[in-house]
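Written out below as structure tokens is the structure these notes cover.
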Amino acid sequence: MIAENLAILRQKIEETCKKAGRNSADIRIIAVSKYFGVDSILEAKKCGLTDFGENRAQELVLKFERLQNEVIWHFIGTLQKNKVKYVVNSAELIHSVDSVELVEEINKRAEKIEKVQKILLEIKTSGEETKSGLETEIEILNLVKKCSELKNIKLTGLMTMAPLTDDVNIIRKSFRDLRNLKNKINNKGYNLTELSMGMTSDFEIAIEEGATMIRIGSAIFGDRDYSKDWRQI
-1 MIAENLAILR QKIEETCKKA GRNSADIRII AVSKYFGVDS ILEAKKCGLT
49 DFGENRAQEL VLKFERLQNE VIWHFIGTLQ KNKVKYVVNS AELIHSVDSV
99 ELVEEINKRA EKIEKVQKIL LEIKTSGEET KSGLETEIEI LNLVKKCSEL
149 KNIKLTGLMT MAPLTDDVNI IRKSFRDLRN LKNKINNKGY NLTELSMGMT
199 SDFEIAIEEG ATMIRIGSAI FGDRDYSKDW RQI
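Quick look at the structure:
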């Protein structure tokens, strides 16, 4: 099933890139593997996927212990300060950084293991109270500057989640706002390259608006069984 799903996904990515005048090689698929077991991850790896995203620290740690560096791990969920040390030990890229306190803790933990931790800043472009992320331009620019001053942090880009709506124009604006923000930051002398945006329901719009990473779960692995005990996967 995973091989067939991936073939369909890659075809859609190819078609969208062609329409948008982009190269599909510039799009990195982050396979969102939460609630899916190691067997599913290894099956996806056999199909050519290298990057896998987890949104709970405990699940990331469990899978990292079993697979180590066989794949590239991304942390894409809300990150609590007391879980930072576990995530820094496991993840190549943390997508969901949204405060000075978090950046400082990540830097501290990364320094202890002599690692430069790659991160993205999570930006709230949806305006929804239920979503995390930085909102005001001044707090975003202040955090970008802070990241540049820390030797064990490498800020590579921005991440957002589109609002829950069927209105394509609203979704598109959310992604376009992130791209415009990245350009504005780079115009101030920084060099952000990554835009993590777009999921199964809206990745085509995200690609059209400049995504370099798309976070895809059910379009690869199928529907999740939330009744499973994730510790047994």
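Per my numbering, the very first residue in the sequence shown carries number -1; after that it's consecutive. Heads up, the beta-carbon is just placed ideally off N, CA and C, and yes, glycines get one too. As the structure is a computational prediction, the values presented were derived from the model and not from experiment.
Residue nearest to L190 within the set T163, I117, A160 and I212 is I117 (criterion: CA-CA distance). Pairing T158 with L77, the inter-Cα distance amounts to about 15 angstroms.
Look at T14 here: in three-state DSSP terms it is helix.
Only buried fits T14, as 16 or more other CB atoms lie within 10 angstroms of its CB.
Listed in chain order, the non-local C-beta contacts of V114 below 6 angstroms within the same chain comprise N150 and K152, local neighbours out to five positions each way being set aside. Within its own chain, the residues whose Cβ lies closer than 7 angstroms to the Cβ of S172, once the five positions on either side in sequence are excluded, are T123, S124, T158, A160 and P161, listed in chain order.
The region 203 to 220 and the region 99 to 115 do not touch, with fewer than three beta-carbon pairs separated by less than 8 angstroms.
Residue pairing by DSSP places I151 opposite Q115 in a beta bridge. Note that the region 39 to 46 touches the region 64 to 74; at least 3 beta-carbon pairs, one per stretch, sit closer than 8 angstroms. In the three-state reduction of the DSSP assignment, I28 falls in the strand class, which pools E and B.
For I74, no alpha helix (DSSP H) encloses it, and the DSSP letter there is neither H nor E. Distance check between E192 and each of N185, K180 and R213 places K180 closest, using alpha-carbon atoms only. If you look at I212, you'll find it in the beta strand (DSSP E) that goes M211 to I214. In terms of Cβ geometry, L119 and V95 form a close pair [threshold 9 angstroms]. Closest in alpha carbon position to L7, among R222, S199 and E135, is S199. Within the same chain, and ignoring the five residues on either side of K144 in sequence, the residues whose Cβ sits closer than 7 angstroms to its Cβ are V98 and V101. DSSP places D175 in the helix class (H, G or I) of the three-state scheme. Inter-residue distance for I27 and L4 is about 10 angstroms (C-alpha atoms, whole angstroms). Rounded to whole angstroms, the gap between the alpha carbons of Y188 and D223 is 42 angstroms.
Scanning its chain for C-beta atoms nearer than 6 angstroms, with the 5 sequence neighbours on each side dropped, one finds around K81 the residues A55, in chain order. E120 sits in a strand when the DSSP states are folded into three classes. When secondary structure is reduced to three states using DSSP, L91 falls in the strand class.
When only Cα atoms are considered, A209 and R64 end up about 30 angstroms apart.
Contact between M197 and I214 holds: CB atoms are separated by about 7 angstroms, below the 8 angstroms threshold. The shortest C-alpha to C-alpha distance from R174 to any of L148, K186, E207 and T154 is the one to E207.
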